[in-house]
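Numbering (UniProt numbering), first residue to last: 1 to 690.
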Amino acid sequence: MAYKNLVIVESPSKAKTIQKYLGRNYKVVASLGHIRDLPKSKMGVDVANDYQPHYISIRGKGPVIKDLKKQAKKAKRVYLASDPDREGEAIAWHVSYILGLDPKKKNRVTFNEITKDAVKEAFKSPRSIDMDLVDAQQARRILDRLVGYSISPLLWKKVKKGLSAGRVQSIALKLIIDRENEIKAFKPKEYWSIDSEFKKGRQKFAASFYGLAGKKKSLPDQASAQAILAKLDPKAPFEITKVTKRERKRFPQAPFTTSSLQQEAVRRLNFRTRKTMMVAQQLYEGINLGNRQGTVGLITYMRTDSTRVSHVAKHEASKFLHDEYGEKYAALKIHKTKNPEGAQDAHEAIRPSSVLRTPASLKSVLNRDQMRLYQLIWARFLASQMTPAILDTMAVTIEQNGVTYKANGSKMKFAGFTKVYDQSKKKKDNPLPDLATGDQVKLVKNEPNQHFTQPPARYSEATLIKTLEENGVGRPSTYAPTIETIQRRYYVKLIAKRFEPTELGEIVNNIIVDFFPDIVNIDFTADFESDLDAIEIGKQHWIKVVDEFYQPFEKELTSAENKIEKVQIKDEPAGFNCDICGAPMVIKLGRYGKFYACSRFPDCRNTKPIIKEIGVICPKCQKGQVVERKSKKKRLFYGCSRYPKCDFISWDKPVGRNCPKDGHFLVEKKIKGGKQVVCPNGDYQEPAQK
């Protein structure tokens, strides 16, 4: 039986949600993402013929394509409702081609949120496929293919098989290596501080040395700190020479973009970038709320670089704030924040599809990860529509014998947006007593402290994304796959949540920096992103943009082929012999990192993983050593070196001692600000260590 309308989306969960909104006259099916792409086995781009791409049906998608054609024949009209971005537009265009649809026909439907009203409204005004959007996606795809399929074979030939290179991943890798070089070259400098405690009456407060006679002075060594202390009479009173009181406003941040959501989810929730996007996709595509509401998309589209919010959402948030918190918390005029430079502004910021769906009301229908991310998005959006926090601040100058101390204190006068979402890092309050110019205070103690300047920190996922975004490299959809790729290729390792380059990563980076400077030139790559944006709005032609990049790149490629010498990654001696043939074992560099292998390979194929002993005898078998291992999800745990003969396992690090209460082995647990030895079997614990 024929039905009137067929709607094609990317994912089954999105199809399921939309089907409930559209009713019996529509059938909603999923293409399961792209159905056509460039071939994996060859370049697939005809450079001599204006870079024309050769698309083929993706392997394994035959049954999906067959079913789409079958369903399309039954329908009177076909709608293409893939995601509202370049990638979604390209998917719609490829589906249109496969089904033989007219791309000029108005059969493209987009919506920024998957709610009943938004979806029904979108179907009232379908449009034709936007070929400028498609061309922008094609230009990126073709250029990435030209770069990847030209440099990667070169790396295979000159370094080792399985390597790859790409525009954004090469810059990410270079940033990490440049930071590592800064750390290696860093020379710490000594400096001192004097932290003190004063009191007025019975109330104590903290202050720090500032300078001499009101002018700031640094303390480069212990002698300079002692010279300051020698000027003071600890028994004599100190005078308050200046008191500045003022009211300070703290404004809320804008609602999330893709990048800021990824950064904040790392910082607050400890989510990896990929996990953030996966959970956000679930919230966008729809959650079954039951209670006659059915399946509803809880957030707006999660790939955006805009902080814009619709008037409808602002109005709903304002009413909610008036009802729940009172009018003094609802901002009459929203504090304006600029979109990042180069932001496309095609979609709204990431926000809840309805602020009335509070996290508390969804507790029974969301899993833990969904709830934590939704809570973050909901609170950040609501806070962005609220009044600023107001603080009473006091700055005090304290002097004796020409030595100047300063103290700063603040007190919350009005919570404003912080009632819902506080983006600041928690700092210890320094409450100051009621002080006035001319008051005298007493010194309680002086503590001179030695410090050394610290090197710049290695990049975390959050800070790497922030740096890429600030430099205009990549777009919201590229950050997660970029970070995943440089780890999968073993160019970098994530150690203690910070990226460290590997030897292989440094080899690849040196080749690209030396022979393909434009690839790792941040300004050059940012300009290309701007060109893609220009293609999207019809101001540039994609062939011209690709050609301007490829012509100099082709010359660099020819030069590199002739000049790059074969790189020998030497095997390191392992220090023990093969337990099969007796030949020396060596440490080899493989696709997933270093491992032990027999030096007689391929005649002897004995290999072993490299495991780190922690110097503790296995508490279960008393024979093997406790070693570090990693789970499939890369989580560190501890096991016996005699596995599978001994199945001892612990998520926490054994310390080699037993509990004095029950004899169970003790473990070291990480706690905020340090670690603590505890008994996992009882209530015994030792004092925490920093």
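From the three backbone atoms N, C-alpha and C, an ideal C-beta is built for every residue, glycine too.
Identify the continuous beta strand (DSSP E) that holds residue i and give its terminal residues.
| i | result |
| --- | --- |
| G211 | Q203 to L212 |
| Q625 | Q625 to K630 |
| V667 | F665 to I671 |
| P431 | Per DSSP, P431 belongs to no beta strand (DSSP E) and is neither H nor E. |
| Q676 | G674 to V678 |
| C640 | L636 to C640 |
| R24 | Careful: R24 lies outside any beta strand (DSSP E) and carries neither H nor E. |
| T502 | Taken as a continuous stretch (DSSP letters only), T502 belongs to no beta strand (DSSP E), as it is neither H nor E. |
| residue 716 | In this structure the chain extends from 1 to 690, so residue 716 is not present and cannot be described. |
| F595 | G593 to C598 |
| T607 | T607 to P609 |
Classify residue i: buried if its beta carbon has 16 or more other beta carbons within 10 angstroms, exposed otherwise.
| i | result |
| --- | --- |
| H94 | buried |
| Q689 | exposed |
| L636 | exposed |
| A15 | buried |
| L332 | exposed |
| C581 | exposed |
| residue 695 | Coverage of the chain is limited to positions 1 through 690, which leaves residue 695 absent and any answer about it impossible. |
| A457 | exposed |
| F186 | exposed |
| R24 | exposed |
| D130 | buried |
| L229 | exposed |
| K645 | exposed |
| A48 | exposed |
| E503 | exposed |
| D135 | buried |
| W192 | buried |
| F576 | exposed |
| T300 | buried |
| I194 | buried |
| E628 | exposed |
| V312 | exposed |
Pick helix, strand or coil for residue i, following the three-state DSSP scheme.
| i | result |
| --- | --- |
| T418 | helix |
| G615 | strand |
| V9 | strand |
| G88 | helix |
| I507 | helix |
| K116 | helix |
| E686 | coil |
| P359 | helix |
| S354 | coil |
| Y284 | helix |
| A389 | strand |
| Q440 | strand |
| A583 | coil |
| D533 | helix |
| E572 | strand |
| R77 | strand |
| H451 | strand |
| E561 | helix |
| K16 | helix |
| I177 | helix |
| K70 | helix |
| D83 | coil |
| S218 | coil |
| K445 | strand |
| T525 | helix |
| G409 | strand |
| K328 | helix |
| L589 | strand |
If you follow the alpha helix (DSSP H) that residue i is in, where does it begin and where does it stop?
| i | result |
| --- | --- |
| G148 | M131 to K158 |
| Y191 | Per DSSP, Y191 belongs to no alpha helix (DSSP H); it is in the beta strand (DSSP E), E190 to K200. |
| E324 | H311 to E324 |
| L376 | R368 to S384 |
| task | Just list the beta strand (DSSP E) runs in the region 455-500, keeping only unbroken ones of 3 residues or longer that don't cross its boundaries, in chain order. | result | 492-495
| query | Just checking, does the region 537-550 make contact with the region 139-159 on the three C-beta pairs under 8 Å criterion? | reply | yes
| task | Assess, as a yes-or-no matter, whether the region 406-416 is touched by the region 217-236 under the definition of 3 or more beta carbon pairs within less than 8 Å. | result | no
| task | Enumerate, from N- to C-terminal direction, the unbroken alpha helix (DSSP H) stretches of 4 or more residues contained entirely within the region 228-302. | result | Counting only runs of 4 or more, we get 258-264 and 273-285.
| field | Segment contact, 8 Å Cβ cut-off, at least three pairs: the region 34-42 with the region 56-67 | value | Result yes; three or more Cβ-Cβ pairs closer than 8 Å.
| said: Measuring CB atoms only, is the region 569-587 touching the region 70-84, in the sense that at least three cross pairs come out at less than 8 Å? | reply: Result no; under three Cβ-Cβ pairs closer than 8 Å.
| query | Counting pairs of Cβ atoms below 8 Å between the region 242-249 and the region 383-403, do you hit three or more? | reply | yes
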